[in-house]
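Heads up, the thing below is written out as structure tokens.
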Amino acid sequence: MFLVISTTMLLFFVLIARSDAKANWGYGEKDGPGVWPGTCRVGTRQSPVDISPSDVYFSPLPRLNFFNYDRKGPVVLENTGNTGLRLTLTHLRAADRSGVTNDHLVVVRGFDEWGEKRPFISGGGLKERYQLLQVHLHWAQRNDTGSEHTIASLHYPAEIHFVHVKKSFVPGSREPLEDDAIAMVGVFLIISNDSSPLFEIASNFLTITKAGSVSDMIKMEPQYLLPQFREPFYRYEGSLTTPPCDEAVVWMLMAEPVSITYSQLSSLRKLRSSSGKKIASNNRPRSALNGRKIAFRPALFV
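Read left to right, the sequence shown gives residues -21 to -1, 1 to 281 (mature numbering (1 follows the signal peptide of the UniProt record, and there is no 0)).
Dropping the structure here:
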């Protein structure tokens, strides 16, 4: 499941900080999802959700295509707070996004100037190409509560999100986002004794346990964070899972998980927040579908 780093400029672009909210947010009792304001509280197509068989229908969606995910380049990992690992494309222009602070993120950043080689996706029912913006992870200290989305009410130990945006996306805009401004690819992680494709980044988890720490540059290839079989996936309309919870996301969840070893997951769970405590979890509770249905694209469709 990518990318290349600029040695002269590392942008701290934060998609989730586009709102004007002044209050900090997190996952604790006082700043957690239960008190997140605005759309997070009153929205009707929020994410994550449970993928329940009763809400799923088969759909002949076209294949979801991944381009330039086989390119390899350097990235760095940075622990800046308490929500998840994130990879950021450096050639997107920086924007003033006042309000939500950066220190809620454990960042994997880098992505040199890809130009025409920048990773993007198309197909899967999307109306146009969506360029890769960043990648982040969600997890918890327990295997049965790690992922944000669930399948038949069951969690995976962790979940990776690949954030893609339309080419026309303007980072600094205060205009409301279109309903399909963002295409999010979700990948579940499952514990396995087999060799894990996460090795390239997981081997550096222990170098960034302290908030504010940054790893050395490492090289990675995005396609190895994706499952081998990408044809079957779930698709629904939802939101960002962090403030401001914009309802502007087309979600595509891979049906096949990617493996992570117990040792790698244990290293991830040792990351600490700015308070010096282990990050207990960085996942938002599931939201009601409110009448939404979830399409399932099986592998048999070409």
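Even glycine gets a Cβ: it sits at the ideal position worked out from N, Cα and C.
Because the structure is a prediction, the values reported are computed rather than measured.
Within 10 angstroms of its Cβ, does residue i collect 16 or more other Cβ (buried), or is it exposed?
{"i": "Pro39", "result": "exposed"}
{"i": "Ala(-5)", "result": "Confidence at Ala(-5) is low in this model, with a pLDDT of 38, below 50, so its placement is unreliable and no value can be given for it."}
{"i": "Ser266", "result": "buried"}
{"i": "Gln120", "result": "exposed"}
{"i": "Arg276", "result": "buried"}
{"i": "Glu103", "result": "Reading the sequence as shown, one finds Gly at residue 103 and not Glu. It counts as buried."}
{"i": "Ser175", "result": "buried"}
{"i": "Ser126", "result": "buried"}
{"i": "Ser147", "result": "exposed"}
{"i": "Leu219", "result": "buried"}
{"i": "Val149", "result": "exposed"}
{"i": "Ser254", "result": "exposed"}
{"i": "Pro264", "result": "exposed"}
{"i": "residue 282", "result": "With the chain covering only -21 through 281, there is no way to say anything about residue 282."}
Output yes or no for whether 9 angstroms exceeds the beta carbon distance between residue i and residue j.
{"i": "Phe45", "j": "Ala274", "result": "no"}
{"i": "Asn269", "j": "Arg24", "result": "yes"}
{"i": "Arg50", "j": "Pro206", "result": "no"}
{"i": "Leu3", "j": "Thr124", "result": "The residue asked about is misnamed: residue 3 is Asn in this sequence, not Leu. The answer is no: Cβ separation not under 9 angstroms."}
{"i": "Ser238", "j": "Val55", "result": "no"}
{"i": "Ile170", "j": "Leu232", "result": "no"}
{"i": "Ile258", "j": "Arg271", "result": "no"}
{"i": "Ala190", "j": "Ser252", "result": "yes"}
{"i": "Gly11", "j": "Gly5", "result": "yes"}
{"i": "Asp173", "j": "Glu216", "result": "no"}
{"i": "Pro236", "j": "Thr18", "result": "no"}
Could you name the residues that DSSP lists as bridge partners for residue i?
{"i": "Trp230", "result": "Met163 and Tyr215"}
{"i": "Asn44", "result": "Ser101"}
{"i": "Arg276", "result": "Phe212"}
{"i": "Ala119", "result": "Ser260"}
{"i": "Arg251", "result": "Lys257"}
{"i": "Glu179", "result": "Bridge partners of Glu179: none, in fact."}
{"i": "Gly94", "result": "According to DSSP, which records beta bridges pairwise, Gly94 is partnered with nothing at all."}
{"i": "Gly52", "result": "Met199"}
Report back the beta-carbon spacing between residue i and residue j to the nearest angstrom; my notes put them in contact at under 8 angstroms.
{"i": "Asn58", "j": "Ser182", "result": "Rounded, the Cβ-Cβ distance is 15 angstroms, inconsistent with contact."}
{"i": "Tyr135", "j": "Phe167", "result": "4 angstroms"}
{"i": "Asp225", "j": "Leu156", "result": "5 angstroms"}
{"i": "Ile187", "j": "Leu250", "result": "7 angstroms"}
{"i": "Ser31", "j": "Ala131", "result": "6 angstroms"}
{"i": "Lys145", "j": "Glu107", "result": "6 angstroms"}
{"i": "Tyr213", "j": "Ala227", "result": "No, Tyr213 and Ala227 are not in contact; Cβ-Cβ is about 18 angstroms, not under 8 angstroms."}
{"i": "Ala278", "j": "Phe178", "result": "At roughly 27 angstroms, the Cβ-Cβ gap does not stay under 8 angstroms, so Ala278 and Phe178 are not in contact."}
{"i": "Ala137", "j": "Leu105", "result": "Not really, about 25 angstroms apart at Cβ, beyond 8 angstroms."}
Quiz item: For the segment 127 to 144 against the segment 162 to 169, are there 3 or more C-beta pairs whose distance is under 8 angstroms?
Solution: yes
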